[in-house]
Amino acid sequence: MSGGVEHRGSTPAEAVLAPFRKDGGRALMLGHVHPDADVLGTLLALGLALEGRGWSVAYGGPHAAPGALGFLPGIERYGRLAEVGGPFDVAVLTDCPNPQRTEGLIDQARRAARLIVNIDHHPDNRRYADVNWLDVEAAATGEMVYELLEALGAPLTPPIATNLFTAIHTDTGSFRYSNVTARTFRTAAALVAAGAEPALVSESLYERRAPDALRWLGESLARVEVSDAGRLAWLALPAGAVPETFVESEELVNYPRSIATVRVACLFRERGGEVKVSLRGKGDVDVQRIAAQFGGGGHRSAAGCTVPGPVAAAMRAVLAAARAALAEARPGAPR
Ligand code: 5GP
Ligand code: MN
């Protein structure tokens, strides 16, 4: 959407800071579909910081927060919104490249709020707000909101630090992916100094499985398939194969991704006649371009899309596109 202010880079410009400078106001923190820790952690961190300065803040989005993120401080404030309410001085979207990922709530927010602010690190961001702050170098939106709070002089309380630390933790695969930079560690260090507890966050994210989850994990891993001389691997879960809550609490695409030879890893999850596809690239393949062919998006090494079911048809289409991307990345390589 044109007409808005666009600012790029790691340091927020005055246009980004101005909406949050006043003491007291009303804000909406609006999340995207199937919210993850980067969107939830950043909305909560900014919202809690504003509340600390006397603002009244509403939190929510098209879907409730997953139970696995129930440890995020303030998460009880976030829920599924049928109506956004209002009026608001400002509505903030974080980690949301495409307004369609609010399932129509953005249209209500435009009517209810005087100003819409879009804070994001996705390269395919649509610049749909009045103020668009984009930093494609940021590993997570969590790094950006940290800079925002620093620039505003907002105190980093332990709940705020924990939210931002978790946002960065998950978007970097626990500080393991190629998006990690020196800045990531500097930010993480500042957040730990402010009270985020790394061991507690790791345990909350990865060591709170239900006893049955290991059985579902075994069931899932048995479905991993590898092809194209080991360069393509995927895992397909037809509807009902394993419980939805289990899939939501696991990054199952990481298992096909973990195979040494794999360049593109895919997860296919069938639900309600649609198939949610997660794509991960290692090295030379830009999986965002694969997702974009199906109306999705994301980052170079992590992207996703939703395609019509059944799962076999979704796999045929997406795996063909992945093979084409592999062939393009290394022309002449065995198919
Ligand atoms: P995940 O596979 O973990 O759901 O998503 C990985 C990345 O791809 C995230 O950055 C997410 O924002 C993006 N992504 C996943 N699904 C979609 C989608 O359907 N549309 C768009 N635009 N991005 C997606
Ligand atoms: Mn993110």
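First residue of the sequence shown: -7, per this note's numbering; consecutive thereafter.
Where is the CB? At the ideal position from N, CA and C, for every residue including glycine.
Beta-carbon proximity check, residue i vs residue j, cutoff 9 Å
i, j, result
"E139", "T3", "yes"
"G53", "G23", "yes"
"L42", "L64", "no"
"L40", "L144", "no"
"V239", "S219", "no"
"T162", "E135", "no"
"L209", "A257", "no"
"L206", "L229", "no"
"V269", "A317", "no"
"A231", "G264", "yes"
"I152", "A186", "yes"
"F80", "A19", "yes"
"G289", "P89", "yes"
"H55", "D87", "no"
"E243", "G296", "no"
"L311", "W226", "yes"
"V25", "T133", "no"
"V172", "L38", "no"
From the options, residue whose alpha carbon lies closest to that of residue i
i, options, result
"Y169", "T94, N110, H26 and S293", "S293"
"R0", "H26, L318, A130 and A252", "A130"
"I282", "R272, A313 and V254", "A313"
"R13", "L32, V(-3) and W47", "W47"
"R200", "G62, V49 and T298", "G62"
"P27", "A50, A57 and P11", "A57"
"S241", "L271, G273, R272 and A202", "A202"
"D204", "P235, S250 and A174", "P235"
Alpha-carbon to alpha-carbon, residue j and residue i
i, j, result
"H291", "R106", "30 Å"
"A188", "G71", "24 Å"
"P29", "R215", "Checking the sequence, you will find Ala at residue 29 rather than Pro. Cα to Cα, A29 sits roughly 27 Å from R215."
"G301", "A182", "45 Å"
"L197", "A121", "32 Å"
"R93", "E68", "22 Å"
"V184", "N246", "26 Å"
"E(-2)", "A5", "10 Å"
"G222", "P248", "10 Å"
"Q285", "P190", "38 Å"
"A321", "V279", "11 Å"
"A180", "R102", "34 Å"
"G(-4)", "W125", "10 Å"
"A74", "A233", "30 Å"
"G59", "T154", "17 Å"
"P326", "T298", "Low local confidence applies: a pLDDT of 43 at P326 is under 50, so the model's placement there is unreliable, and no value is given."
"G16", "G66", "19 Å"
"T237", "G44", "34 Å"
"K274", "F167", "15 Å"
"R308", "E95", "27 Å"
"R315", "R119", "31 Å"
"R178", "I98", "34 Å"
"A252", "E195", "27 Å"
Start and end residues, alpha helix (DSSP H) containing residue i
i, result
"S170", "First-last for S170: undefined, no H or E at that position."
"A83", "It is not in any alpha helix (DSSP H) - A83 instead sits in the beta strand (DSSP E) that spans F80 to T86."
"A294", "No alpha helix (DSSP H) holds A294; the beta strand (DSSP E) holding it covers A294 to P300."
"L64", "Premise fails: L64 is in no alpha helix (DSSP H) and is neither H nor E."
"E211", "A205 to L213"
"A127", "Checking the sequence shown, residue 127 turns out to be Asp, not Ala. It is not in any alpha helix (DSSP H) - D127 carries neither H nor E in the DSSP assignment."
"F177", "A174 to A185"
"L353", "Nothing in the structure corresponds to residue 353, since the chain is present only between -7 and 327."
Whole-angstrom C-beta distance between residue j and residue i, which should lie under 8 Å
i, j, result
"V193", "T149", "The pair is not a contact, with the Cβ atoms about 16 Å apart (cut-off 8 Å)."
"N117", "L85", "So it is not a contact: roughly 10 Å between Cβ atoms."
"A7", "V123", "6 Å"
"Q100", "V76", "4 Å"
"R261", "V267", "7 Å"
Boundaries of the beta strand (DSSP E) in which residue i is found, first to last residue
i, result
"L148", "Looking at the DSSP string, L148 is not in any beta strand (DSSP E), and its letter there is neither H nor E."
"T237", "Note, T237: premise wrong, no beta strand (DSSP E); alpha helix (DSSP H) at E236 to E240."
"G71", "Y70 to R72"
"Y51", "S48 to G53"
"V(-3)", "V(-3) to R0"
"N246", "From DSSP, N246 is part of no beta strand (DSSP E) but of the alpha helix (DSSP H) over N246 to R249."
"R272", "E266 to G273"
"V277", "Counting along the chain, V277 falls outside any beta strand (DSSP E), and DSSP gives it neither H nor E."
beta-carbon residue i near the ligand PLP non-hydrogen atom, thresh 8 Å
i, result
"V31", "For the structure depicted, the ligand PLP is absent and the ligand set comprises only the ligand 5GP and the ligand MN."
Test: residue i CB closer than 9 Å to a CB of chain B
i, result
"A294", "Here chain B cannot be found, since the structure has a single protein chain."
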